[in-house]
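Number of protein chains: 2
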Amino acid sequence: MKKGNVLVGQSGGPTAVINSSLAGVFKTAMDRGFHKVYGMRYGIQGFLDEQYVDLSDYIKNELDLELLKRTPSAFLGTCRFKLPAIHEDKEIYERIFELLQKMDIEVFVYIGGNDSMDTIKKLSDYAILTGATQRFIGCPKTIDNDLALTDHTPGYGSAAKYIGTSTKEIIRDCLGFSYKKKNVTIIEVMGRNAGWLTGATALSKGEDCDGPDMIYLPEVVFDVEKFTNQVERLLKKKDVVVVAVSEGIKNKEGTYICQLTAGSDSTDAFGHIQMTGTASYLANYIHEKLGCKTRAVEFSTLQRAASHLASRIDVNEAFMVGGAAIKAADEGTSGVMVVIDRLSDDPYQSSTGVYDVHRIANGEKFVPREWINKEGNYVTNEFISYVKPLIQGDYAPMLVDGLPRHLTMNATGYKDVYGK
Amino acid sequence: MKKGNVLVGQSGGPTAVINSSLAGVFKTAMDRGFHKVYGMRYGIQGFLDEQYVDLSDYIKNELDLELLKRTPSAFLGTCRFKLPAIHEDKEIYERIFELLQKMDIEVFVYIGGNDSMDTIKKLSDYAILTGATQRFIGCPKTIDNDLALTDHTPGYGSAAKYIGTSTKEIIRDCLGFSYKKKNVTIIEVMGRNAGWLTGATALSKGEDCDGPDMIYLPEVVFDVEKFTNQVERLLKKKDVVVVAVSEGIKNKEGTYICQLTAGSDSTDAFGHIQMTGTASYLANYIHEKLGCKTRAVEFSTLQRAASHLASRIDVNEAFMVGGAAIKAADEGTSGVMVVIDRLSDDPYQSSTGVYDVHRIANGEKFVPREWINKEGNYVTNEFISYVKPLIQGDYAPMLVDGLPRHLTMNATGYKDVYGK
Numbered sequence: 000m001k002k003g004n005v006l007v008g009q010s011g012g013p014t015a016v017i018n019s020s021l022a023g024v025f026k027t028a029m030d031r032g033f034h035k036v037y038g039m040r041y042g043i044q045g046f047l048d049e050q051y052v053d054l055s056d057y058i059k060n061e062l063d064l065e066l067l068k069r070t071p072s073a074f075l076g077t078c079r080f081k082l083p084a085i086h087e088d089k090e091i092y093e094r095i096f097e098l099l100q101k102m103d104i105e106v107f108v109y110i111g112g113n114d115s116m117d118t119i120k121k122l123s124d125y126a127i128l129t130g131a132t133q134r135f136i137g138c139p140k141t142i143d144n145d146l147a148l149t150d151h152t153p154g155y156g157s158a159a160k161y162i163g164t165s166t167k168e169i170i171r172d173c174l175g176f177s178y179k180k181k182n183v184t185i186i187e188v189m190g191r192n193a194g195w196l197t198g199a200t201a202l203s204k205g206e207d208c209d210g211p212d213m214i215y216l217p218e219v220v221f222d223v224e225k226f227t228n229q230v231e232r233l234l235k236k237k238d239v240v241v242v243a244v245s246e247g248i249k250n251k252e253g254t255y256i257c258q259l260t261a262g263s264d265s266t267d268a269f270g271h272i273q274m275t276g277t278a279s280y281l282a283n284y285i286h287e288k289l290g291c292k293t294r295a296v297e298f299s300t301l302q303r304a305a306s307h308l309a310s311r312i313d314v315n316e317a318f319m320v321g322g323a324a325i326k327a328a329d330e331g332t333s334g335v336m337v338v339i340d341r342l343s344d345d346p347y348q349s350s351t352g353v354y355d356v357h358r359i360a361n362g363e364k365f366v367p368r369e370w371i372n373k374e375g376n377y378v379t380n381e382f383i384s385y386v387k388p389l390i391q392g393d394y395a396p397m398l399v400d401g402l403p404r405h406l407t408m409n410a411t412g413y414k415d416v417y418g419k
Numbered sequence: 000m001k002k003g004n005v006l007v008g009q010s011g012g013p014t015a016v017i018n019s020s021l022a023g024v025f026k027t028a029m030d031r032g033f034h035k036v037y038g039m040r041y042g043i044q045g046f047l048d049e050q051y052v053d054l055s056d057y058i059k060n061e062l063d064l065e066l067l068k069r070t071p072s073a074f075l076g077t078c079r080f081k082l083p084a085i086h087e088d089k090e091i092y093e094r095i096f097e098l099l100q101k102m103d104i105e106v107f108v109y110i111g112g113n114d115s116m117d118t119i120k121k122l123s124d125y126a127i128l129t130g131a132t133q134r135f136i137g138c139p140k141t142i143d144n145d146l147a148l149t150d151h152t153p154g155y156g157s158a159a160k161y162i163g164t165s166t167k168e169i170i171r172d173c174l175g176f177s178y179k180k181k182n183v184t185i186i187e188v189m190g191r192n193a194g195w196l197t198g199a200t201a202l203s204k205g206e207d208c209d210g211p212d213m214i215y216l217p218e219v220v221f222d223v224e225k226f227t228n229q230v231e232r233l234l235k236k237k238d239v240v241v242v243a244v245s246e247g248i249k250n251k252e253g254t255y256i257c258q259l260t261a262g263s264d265s266t267d268a269f270g271h272i273q274m275t276g277t278a279s280y281l282a283n284y285i286h287e288k289l290g291c292k293t294r295a296v297e298f299s300t301l302q303r304a305a306s307h308l309a310s311r312i313d314v315n316e317a318f319m320v321g322g323a324a325i326k327a328a329d330e331g332t333s334g335v336m337v338v339i340d341r342l343s344d345d346p347y348q349s350s351t352g353v354y355d356v357h358r359i360a361n362g363e364k365f366v367p368r369e370w371i372n373k374e375g376n377y378v379t380n381e382f383i384s385y386v387k388p389l390i391q392g393d394y395a396p397m398l399v400d401g402l403p404r405h406l407t408m409n410a411t412g413y414k415d416v417y418g419k
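Chains as they are written, first to last, in numbering that gives the first Met the number 0: chain V, 0 to 419; chain Z, 0 to 419.
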């Protein structure tokens, strides 16, 4: 029987390896005899405007595929767009399924995080309600690693590797420049509610580096006064103090530390508070209280875009879940998210499975309290054992003229303005 | 004739390759039959406290040497310590030369920037005045690339490579996440008075990336209003605007933009103003004026510490100038700085020379006005042709357990506090 087409989209915050999943979807779909692989531009939001491309126009050979695996951010563009409940707005569903039918789509793959799995759930529910035959598969993606049921998410390992490496380089920088001067550096790491990324700063600890002095995850209530006292105590013993904090730490009143700075409470399309400024608030606070030199470092979007420092395990697993999504759909499955199961830690082995997306959507996975020390200011060895296999190996960028080359579709078409 | 010992120190802000110069000094000194290579801890400041080490205690083999070349920040530690004029405080010079004699030092190498070359000048002047026979050689080092007479400085190429790569990854991130939303990203790059680093953001421009929309160097007066109008005009044509600014841009009144934010005018030991917050000031300003979403990204100390992304040309040249310093001293030269001469652009070739340190000290090298476009908001192709050869090739980190391994002397000796 002749196979139809595949439609794939990317959603939510970009990662260093989300395009490796896209590459996996494309390659497996081609290998399994699907006719075309269409890519939604800017996720479901762009698709509703009939914005999509034929991926074979861009991925013409194995080299393109390898470049795509090394390209950060979303090749297709993403959106933050939440589908309404089916009973609230049937029209939007009718519109989507009309387009799917028109394009002869058999398989719909959405690569994203919690919010994207909600999209898969609703679309597959609608298909069941209406007897539509398209299959809907979710592909996990988020640097935050906060998706339930999967051992970890593609994107997390590379972000963790970047965070561990950069923390180590920053600590080295601080130590090299510290004679007879006390200085405190506060590193701010992404992770609104889950501390997986912030905990990864502990990866810098090893034979050649002491790691950060303290690490604060959003899972534990943050006490500014207690923190200040701890820094003061540390400064009596050593000149250089480096602390890692999550952007999402809150005090016991439930107020984000970053909100203690005036004018920082804008929200995004999902009602999430925009986070930034935690490190700079604490650096100013410590400077005022203790008088020492302080510095705030925010890893900012660099931590999710640094494909030049991607983990090989992560790139390969991202590719694998993309392929597994097509395989599952090809075997008739729908309404599931592909998950990664850890088979063994040492040697590290993993495989893919699938879970009913109803069990996954909107459930956040936090760092277990027992993986954080009693004082609430460091991660335990269990945490390190969990993350270490995920940062192994590199996926060397292809350097052209000294910089990593990416695969792009020349998104802006904008050139030669301002004497460029 | 039996040779004496070498004393080497590192000074000023660390770079990704300052230790490669240290490795060059060590190796060439050993190869040329010097007895011992001592390293000052924390530059001349630590040395005055008799803090030094025998480098052969740490560099035991070729592997250690290779690790040292890959270790960011200053292996020996640095200081910011300016020697007084000789007539102001003879005692400090007497103390230094007494130590040099006691340690049988024949050659004194100081790896640093403008301020460090001042140290070499004063010490070699004092040697001439007193008939001391030690030779004093300066080894250039600074990410800022603001040293006169040398074509460029070791440290600049790797910082430029990091800045170009990260800018490209940030632009990609912005583009992937922009559907029906206008957003402006302001990237802040180091460089107090010279725009060499900020200009390197233009390296991201190429076949697969449009590069930043505008680039503002400190060499040109910055006009906040004009800048806002240009951003507004760009936003009419495109959704994603990315701008790079130097931390040191000033308005026509001569006020640093970062000082327009309240409470940011602390100074360092040399009376330099501490810079930070330029991007965040402009991001807030644009957000208020134009209402669009804005983001400030500071490369912070990451840009000088990212040895994981070092340029091979830079690592090798840093090693080469370290070796050339020893060679010059061994041949009887003193009171000079080693410089890099560019022999050819394509294929790129360079060699070392030496210049009288009196001609170099305290003179800053700026980006020539003709390498900045007429509007003052981008660099020209001449700038790109200058910097491109310096970022070529990689010097792959040695990954141990997923992270780059460094050579260290376990500077803190501080362990097992707070449940680590």
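Cβ atoms here follow ideal geometry from the backbone N, Cα and C, with glycine treated the same way.
Enclosing alpha helix (DSSP H) for residue i [first to last residue]
| i | result |
| --- | --- |
| residue 386 of chain Z | 380-386 |
| residue 255 of chain V | Element bounds for residue 255 of chain V: n/a, residue is neither H nor E. |
| residue 182 of chain Z | Here residue 182 of chain Z belongs to no alpha helix (DSSP H); instead the beta strand (DSSP E) covers 182-188. |
| residue 19 of chain Z | 17-30 |
| residue 46 of chain Z | 42-47 |
| residue 113 of chain Z | 113-129 |
| residue 50 of chain Z | Looking at the DSSP string, residue 50 of chain Z is not in any alpha helix (DSSP H), and its letter there is neither H nor E. |
| residue 213 of chain V | Segment 213-215 is the beta strand (DSSP E) holding residue 213 of chain V; no alpha helix (DSSP H) there. |
CB contact below 8 Å: residue i versus chain Z
| i | result |
| --- | --- |
| residue 218 of chain V | no |
| residue 258 of chain V | no |
| residue 115 of chain V | no |
| residue 44 of chain V | yes |
| residue 472 of chain V | In the structure as shown, chain V starts at 0 and stops at 419, and residue 472 of chain V therefore has no counterpart that could be examined. |
| residue 263 of chain V | Caution applies to residue 263 of chain V, whose pLDDT of 45 falls short of 50 and renders its modelled position unreliable; the value that the coordinates give is listed next. No, no contact with chain Z. |
| residue 407 of chain V | yes |
| residue 178 of chain V | yes |
is_contact[residue i, chain V] using C-beta, thresh 8 Å
| i | result |
| --- | --- |
| residue 1 of chain Z | no |
| residue 151 of chain Z | no |
| residue 123 of chain Z | no |
| residue 255 of chain Z | no |
| residue 13 of chain Z | yes |
| residue 266 of chain Z | Unreliable positioning characterises residue 266 of chain Z in this predicted model, as indicated by a pLDDT of 47, which lies under 50. The coordinate reading is nonetheless provided below. Output row for residue 266 of chain Z: interface = no. |
| residue 207 of chain Z | yes |
| residue 387 of chain Z | yes |
Status (buried if at least 16 other CB within 10 Å, exposed otherwise) for residue i
| i | result |
| --- | --- |
| residue 60 of chain V | exposed |
| residue 132 of chain V | exposed |
| residue 108 of chain Z | buried |
| residue 414 of chain Z | At residue 414 of chain Z, the pLDDT of 41 sits below 50, so the modelled position is not reliable and the matter cannot be decided from this model. |
| residue 397 of chain V | exposed |
| residue 307 of chain Z | buried |
| residue 403 of chain Z | buried |
| residue 384 of chain V | exposed |
Start-to-end residues for the beta strand (DSSP E) that takes in residue i
| i | result |
| --- | --- |
| residue 232 of chain Z | Segment 223-236 is the alpha helix (DSSP H) holding residue 232 of chain Z; no beta strand (DSSP E) there. |
| residue 138 of chain V | 134-139 |
| residue 39 of chain Z | 36-39 |
| residue 336 of chain Z | 335-344 |
| residue 294 of chain Z | 292-297 |
| residue 348 of chain Z | 347-355 |
Residue-level contact to chain B via CB, residue i, 8 Å cutoff
| i | result |
| --- | --- |
| residue 203 of chain V | Here chain B cannot be found, since the structure's protein chains are V and Z. |
| task | Please name the residues in the segment 149-175 of chain V whose beta-carbon is closer than 7 Å to at least one beta-carbon of chain Z, in chain order. | result | Flagged, chain order: 160, 163, 164, 165, 167, 168, 169, 171, 172, 174, 175.
| Residues in the segment 70-81 of chain Z having any Cβ partner in chain V nearer than 9 Å | Against chain V - using a Cβ distance shorter than 9 Å - the residues of the segment 70-81 of chain Z are 70, 71, 72, 73, 74, 75, 76, 77, 78, 79, 80.
| query | Taking any Cβ of chain Z, which residues in the segment 297-313 of chain V have a Cβ under 9 Å from it, in chain order? | reply | Interface annotation for the segment 297-313 of chain V against chain Z: 297, 298, 299, 300, 301, 303, 304, 305, 306, 307, 308, 310, 312, criterion Cβ-Cβ distance under 9 Å.
| query | Which residues, in chain order, does the segment 20-48 of chain V contribute to contact with chain Z at a C-beta distance below 7 Å? | reply | Contact annotation: in the segment 20-48 of chain V, residues whose CB is within less than 7 Å of a CB in chain Z are 41, 44, 45.
| message | Extract the residue ranges of the beta strand (DSSP E) inside the segment 75-113 of chain Z, only unbroken runs of 3 or more that lie entirely within it. | response | Listed in chain order, the complete beta strand (DSSP E) runs (minimum 3 residues) inside the segment 75-113 of chain Z are 104-111.
| query | Between the segment 393-404 of chain V and chain Z, which residues of the former have CB atoms less than 9 Å from a CB of the latter, in chain order? | reply | Only those residues of the segment 393-404 of chain V whose C-beta falls short of 9 Å from the nearest C-beta of chain Z are listed: 393, 395, 396, 398, 399, 400, 401, 402, 403, 404.
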